[in-house]
Amino acid sequence: MNGFLMLQNCAVLFLSITVLSIIQFLTLPAIKGQDGVNATEIILAADNVPPYVYLNERGEMIGTLVPKLSAIFQEAGIKHRFMYTPWNRAMSDTLNKTNVFMFPLSRTKVRENRFEWIVPLQETSYRLYGFKGDFDPQKIDITSGDYMFVCQETTVLCTILRSFGIPEKSIVKKSSIEISQIAKMLKRGRIDFLILTESGLETYTTIMGVNVSDMVVLDKYSYQVVEYLAGNKNIDKTLLLKLRSAALILEKKQLEKTWPCLGSK
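In this note's numbering, the protein residues as written are 1170 to 1434.
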């Protein structure tokens, strides 16, 4: 049985690599010799969204998505620079400038036609967290209007709350607020719940000065989304092809590196 499953996995990996190779073969001729875009420096704008991207003590942008994007741009041979940019400014610059891309941006129906979705970066699941002992997770009705939430109107968080059926009267909508500030509001009891990803839970409990074990998740509520590197709709098409091809090449290399059927190392 184990041998059958291994062969099955190998077949899936082989198919994936074959498809990626075909796409790479079809894409590369279209961008070969198109080096004019290499002279343009691309600004990769991001707000503080730990653990994915944030400023360290030296003012440098770090996080799980930074090396991933660096690898894509290096593979594509495109000059780039990371820049801390408040969320609303990053969104405005991306919508109005062809050399500014923002990340990570959740792809939603409302945003679909406003941006060029350059490459997917990660799949994310958002959950609702509150303090253990403040409520009974089995009986609570968060749509009752008895609980308070806060979100920044231009982020995906307000979309998530509405998808959960939270009434508008229970949502405090801010023009600009960081998740770290929302976490502190939860700690002070000004709101009842915080929307987080599982990977961000440790970061924000540290900010609040509490333990992960002090929190409880409402299993009934979950919102899945794919987060992208997003750009202007008028992005240079050669640049777009270069970046997408680079992402495919790196994905193919990663598959080959971990392909057990070939004993790759």
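For each residue, glycine too, the CB sits at the ideal point set by N, CA and C. As the structure is a prediction and not an experimental result, all values here were calculated from the model.
C-alpha gap between residue i and residue j, whole angstroms
| i | j | result |
| --- | --- | --- |
| G1202 | V1319 | Caution applies to G1202, whose pLDDT of 49 falls short of 50 and renders its modelled position unreliable; the value that the coordinates give is listed next. Their Cα atoms are separated by approximately 50 Å. |
| K1421 | A1415 | 10 Å |
| E1322 | S1344 | 6 Å |
| M1230 | M1252 | 7 Å |
| K1338 | E1281 | 27 Å |
| S1239 | A1245 | 10 Å |
| T1209 | N1268 | 8 Å |
| I1287 | P1306 | 39 Å |
| L1355 | I1247 | 42 Å |
| G1302 | Y1373 | 19 Å |
| R1413 | T1407 | 10 Å |
| L1387 | D1310 | 10 Å |
| V1222 | G1228 | 12 Å |
| L1330 | V1279 | 15 Å |
| Q1423 | G1232 | 20 Å |
| V1379 | Y1298 | 13 Å |
| G1432 | S1261 | A caution first: G1432 carries a pLDDT of 49, below 50, which makes its placement in the model too unreliable to give a value. |
| I1340 | R1283 | 25 Å |
| A1259 | N1401 | 11 Å |
| N1225 | P1255 | 16 Å |
| S1275 | N1257 | 14 Å |
| T1312 | T1328 | 15 Å |
| I1346 | P1220 | 17 Å |
| K1342 | A1352 | 15 Å |
For residue i, the nearest candidate out of the options (CA to CA)
| i | options | result |
| --- | --- | --- |
| K1237 | Q1350, L1398 and Y1316 | L1398 |
| V1377 | R1357, S1239 and Y1392 | The sequence shown places Met at residue 1377, not Val. With distances taken between Cα atoms, M1377 lies closest to R1357. |
| F1242 | L1424, Q1423 and I1418 | I1418 |
| L1410 | P1255, F1333 and E1285 | E1285 |
| G1314 | Q1423, R1227 and I1335 | I1335 |
| T1293 | G1228, V1218, P1255 and R1359 | V1218 |
| I1404 | I1348, A1352 and K1266 | K1266 |
| S1349 | A1215, F1333, R1283 and L1363 | L1363 |
| S1332 | L1424, K1402 and Y1392 | Y1392 |
| V1394 | I1211, K1402 and T1324 | T1324 |
| S1211 | L1224, E1226, R1250 and N1225 | A quick correction: the sequence has Ile, not Ser, at residue 1211. Of the listed residues, the one whose Cα sits closest to I1211 is R1250. |
CB-CB length for residue i against residue j, believed under 8 Å
| i | j | result |
| --- | --- | --- |
| L1365 | R1296 | 6 Å |
| L1290 | E1396 | 5 Å |
In DSSP terms, what residue i is bridged to
| i | result |
| --- | --- |
| G1400 | E1285 |
| A1214 | M1252 and M1271 |
| R1296 | L1365 and S1391 |
| Y1221 | None, per the DSSP bridge assignment. |
| M1449 | Residue 1449 lies beyond the residue range present for the chain, which begins at 1170 and ends at 1434; the question has no answer from this structure. |
| I1340 | F1318 |
| Q1423 | Paired residues: none, contrary to the question. |
| M1384 | F1300 |
| Q1291 | E1396 |
Test item: CB-CB of residue i and residue j under 8 Å
| i | j | result |
| --- | --- | --- |
| V1385 | L1370 | no |
| G1361 | Y1390 | The sequence given here has Asp at residue 1361, not Gly. Contact: no. |
| P1273 | L1234 | yes |
| M1271 | T1263 | yes |
| D1383 | F1300 | yes |
Interface flag, residue i vs chain C, CB-CB below 8 Å
| i | result |
| --- | --- |
| Y1397 | Absent from the structure: chain C. Only one protein chain is present. |
beta-carbon residue i near the ligand MN non-hydrogen atom, thresh 7 Å
| i | result |
| --- | --- |
| K1402 | With respect to the ligand MN, the structure offers nothing, as it holds no ligand at all. |
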